[in-house]
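Encoded as structure tokens, the structure appears first; notes follow it.
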Ligand SMILES: [Zn+2]
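Shown next as structure tokens:
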């Protein structure tokens with residue numbers, strides 16, 4: 003069975019050879035690898051830092067673009083971020099962008115030029131959603147319903163991470179809203195659910211059962227949320243736990259299981 007980890011964070015100091023070796027050790031066939039976070043220095047986001055972060059992830063992707071899908075980390079307060087996105091995707095061939103709302107809201111008009119650019123480039127955005135165990139008090143900016151604004155950008159594909167935990171039902175309802183917007187056709191829905199952890203074990207079965215029952219396995223993706231170096235310690239455990247739940251307890255078919263571990267992410271990265 004092929005495994006595509008839809009959610010992994012580069013630290014910025016890895017080499018491509020290391021990443022590929024760690025993927026092999028973790029038995030991950032393909033990975034979405036987010037660029038290191040280009041954080042603020044003295045409250046200022048710097049364009050040269052964002053550029054360097056893009057160049058690092060592009061260099062890693064270039065080692066094996068079939069196995070490594072590199073994503074830009076887009077912090078919207080960075081001057082020239084839209085141009086940097088264009089540089090990373092058009093010139094460097096990166097696959098999309100990653101965003102975490104850090105004291106900005108997905109509904110903020112500051113974001114709209116980025117949404118428009120990604121819609122025009124036909125590349126997806128992987129958003130954080132759910133409580134955030136980091137940064138400042140960010141969770142009030144990370145609730146799934148805030149992403150309803152993207153219905154105004156119907157050509158933009160996006161995913162919400164962690165099934166929005168603890169707002170799992172809210173995340174699922176948001177999916178329903180986007181599916182309704184395209185005549186209840188899941189295949190045309192612009193939203194995917196990224197199920198990387200967030201949901202603790204005690205919640206996992208219920209969260210996966212509800213998400214797949216409502217959204218369909220073709221728009222629900224497997225993810226680990228590790229770094230390349232910690233993949234080997236995390237990925238096999240998460241694969242085994244999710245597989246046991248999906249196959250033995252929830253009772254999905256092998257086709258659905260294949261969609262969860264591979265096909266959903268493949269569709270997410272295939273322009274419609
Ligand atoms: Zn993450």
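Numbering (my numbering), first residue to last: 3 to 274. Quick reminder that beta carbons are idealized off the backbone N, C-alpha and C, glycines included.
Which stretch, first to last residue, makes up the beta strand (DSSP E) that contains residue 120?
Position 118 of the chain shown, counted from the start, is the residue given in the question as residue 120. From DSSP, residue 120 is part of no beta strand (DSSP E) but of the alpha helix (DSSP H) over 114 to 123.
Just reading off the alpha helix (DSSP H) that residue 56 is part of, what are its end residues?
Locating residue 56 in the chain shown gives position 54, counting from the first residue. In this chain, the alpha helix (DSSP H) harbouring residue 56 covers 49 to 65.
Can residue 240 be considered in contact with ligand 1, in the sense that its beta carbon sits closer than 8 Å to one or more heavy atoms?
Residue mapping note: residue 240 aligns to position 238 of the chain shown, counting from 1. Flag unset: Cβ of residue 240 not near ligand 1.
Unbroken stretches of the alpha helix (DSSP H), 4 residues or longer, contained in the stretch 88 to 160
114 to 123
Check residue 206 in the structure and name its three-state DSSP category.
Here residue 206 is taken as the residue at index 204 of the chain shown, counted from 1. Correct three-state label for residue 206: helix.
Rounded to a whole number of angstroms, what is the C-alpha to C-alpha distance between residue 211 and residue 252?
For this step, residue 211 is matched to residue 209 along the chain shown. For this step, residue 252 is matched to residue 250 along the chain shown. Cα to Cα, residue 211 sits roughly 6 Å from residue 252.
Any non-hydrogen atom of ligand 1 closer than 8 Å to residue 163 Cβ
What you label residue 163 is simply residue 161 of the chain shown in a count that begins at 1. Checking every heavy atom of ligand 1 against the Cβ of residue 163, one is found closer than 8 Å.
Starting from residue 247, trace the alpha helix (DSSP H) both ways and give me its first and last residue.
Sequence index remark: in the chain shown, residue 247 carries index 245 (1-based). No alpha helix (DSSP H) holds residue 247; DSSP gives it neither H nor E.
Residues that residue 74 bridges to, as DSSP identifies them
For the purposes of this step, residue 74 is identified with residue 72 of the chain shown, where counting begins at 1. BP columns for residue 74 point to 99.
According to the Cβ coordinates, are residue 70 and residue 100 closer than 9 Å?
Here residue 70 refers to the residue found at position 68 when the chain shown is read from its first residue. Here residue 100 refers to the residue found at position 98 when the chain shown is read from its first residue. Their beta carbons are not under 9 Å apart, which means residue 70 does not touch residue 100 by this criterion.
Sub-9 Å separation of residue 230 and residue 13 beta-carbons
Position 228 of the chain shown, counting from 1, holds the residue named residue 230. Position 11 of the chain shown, counting from 1, holds the residue named residue 13. Taking 9 Å as the Cβ cut-off, residue 230 and residue 13 qualify as a contacting pair.
Which two residues bound the contiguous beta strand (DSSP E) that contains residue 193?
The sequence position of residue 193 within the chain shown is 191, counting from 1. Per DSSP, the continuous beta strand (DSSP E) segment holding residue 193 begins and ends at 193 to 196.
Buried or exposed for residue 166, please, with buried defined as at least 16 other CB atoms from any protein chain shown within 10 angstroms of its CB.
Mapped onto the chain shown, residue 166 falls at position 164. Result: buried.
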